[in-house]
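Take 1353 as the starting number for the sequence shown in the working numbering and just add one per residue. Report on one structure; see the data block that follows.
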Amino acid sequence: MTDGLTQILRADAKENRDRIVEVAREVFASDGLGVSMREVARRAEVGPATLYRRFPTKKDLILEAFMDEFHTCRDIVRTGFDHSDAWRGFCYAIEQLSELNAQNQGFTEAFISEYPGTVDLLSHRTETLRAFTDLARRAQAQGELRDDFVIDDLILVLTANRGLSTTPHDRIRAARRFAALMIDSFHTAPTNHTLPPSPALTRSIITSQTEPTD
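Below you can see the structure in the form of structure tokens.
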């Protein structure tokens, strides 16, 4: 009886924590980092005491929400990478990253500006881009992804896609359509034209704001 009750309480606590982090991500993305802790608690439908018990300071909550965003991005690429069909995995990654990116609404930039060096962006970005590069090469070897695709093209997609975060309505639908258009352009086809030279975007993305604090 006691063990069962303990497990229920732990499950409830985890559910509350996960809901708080999810809501915090959404709120900080849509309304900025200035949103109060009480407002986060209200939207997460938990009491302020519950929120402060899990996250004693607002910085703790912002950091956890940001790391959750990190992990979601990484898991999307890993899921695509693990797909038995590389082209389907590639498409999945483009679709999911586009949706995630469209909902971010400047949260990443705001976090980096407010807490520079708090997170080791270099390791995260390098690991994620390396996995995506390997996935793309497998899709090319399959004959499904055009041969002239380079990792800078992913950065182009995410940079352009970020503009959808300012769309007032239906950002998810817009992100899905955008991803479908991009995937169609990446697919090997007789009508593919030679692309102009790629801009050197990846290096600047990886190396920006990368010095972690001790």
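Backbone N, C-alpha and C define an ideal beta-carbon position, used for all residues, glycine too.
Which two residues bound the contiguous alpha helix (DSSP H) that contains R1482? By 1-based counting over the sequence shown, the position of residue 1482 is 130. Here the alpha helix (DSSP H) through R1482 covers 1473-1493.
Close beta carbons around F1407, own chain, < 7 Å, minus the five adjacent residues each side: The count along the sequence shown starts at 1 and reaches residue 1407 at position 55. Taken in chain order, the residues that qualify are L1413, E1416.
Given 8 Å, three or more beta-carbon pairs between the stretch 1488-1497 and the stretch 1446-1455: no
Do you know offhand how far G1432's Cα is from T1554's? In the sequence shown, the residue the question calls residue 1432 occupies position 80. In the sequence shown, the residue the question calls residue 1554 occupies position 202. Taking the straight line joining both Cα atoms gives about 20 Å.
Taking C-beta to C-beta, are D1437 and V1373 nearer than 7 Å? As a first step, residue 1437 is located in the sequence shown; it is residue number 85 there, counting from the start. As a first step, residue 1373 is located in the sequence shown; it is residue number 21 there, counting from the start. Not closer than 7 Å, so no.
Where does L1510 fall in DSSP's three states? Against the sequence shown, residue 1510 aligns to sequence position 158. Helix at L1510.
Report the option in S1388, Y1404, K1411, L1385 whose CA atom is closest to the CA atom of R1369. If you number the sequence shown from 1, residue 1369 lands on position 17. For the residues S1388, Y1404, K1411, L1385, the minimum Cα distance to R1369 belongs to Y1404.
Between the stretch 1467-1480 and the stretch 1512-1526, can you find at least three pairs of beta-carbon atoms closer than 8 Å? Segment contact: the stretch 1512-1526 against the stretch 1467-1480, fewer than three CB-CB distances shorter than 8 Å; contact not assigned.
So with Cβ pairs under 7 Å, would you call Q1494 a contact of chain B? The question asks about chain B, but that chain is absent: this structure has only one protein chain.
Since H1539 sits in a beta bridge, which residues does DSSP pair it with? As a first step, residue 1539 is located in the sequence shown; it is residue number 187 there, counting from the start. Answer is L1497, bridged to H1539.
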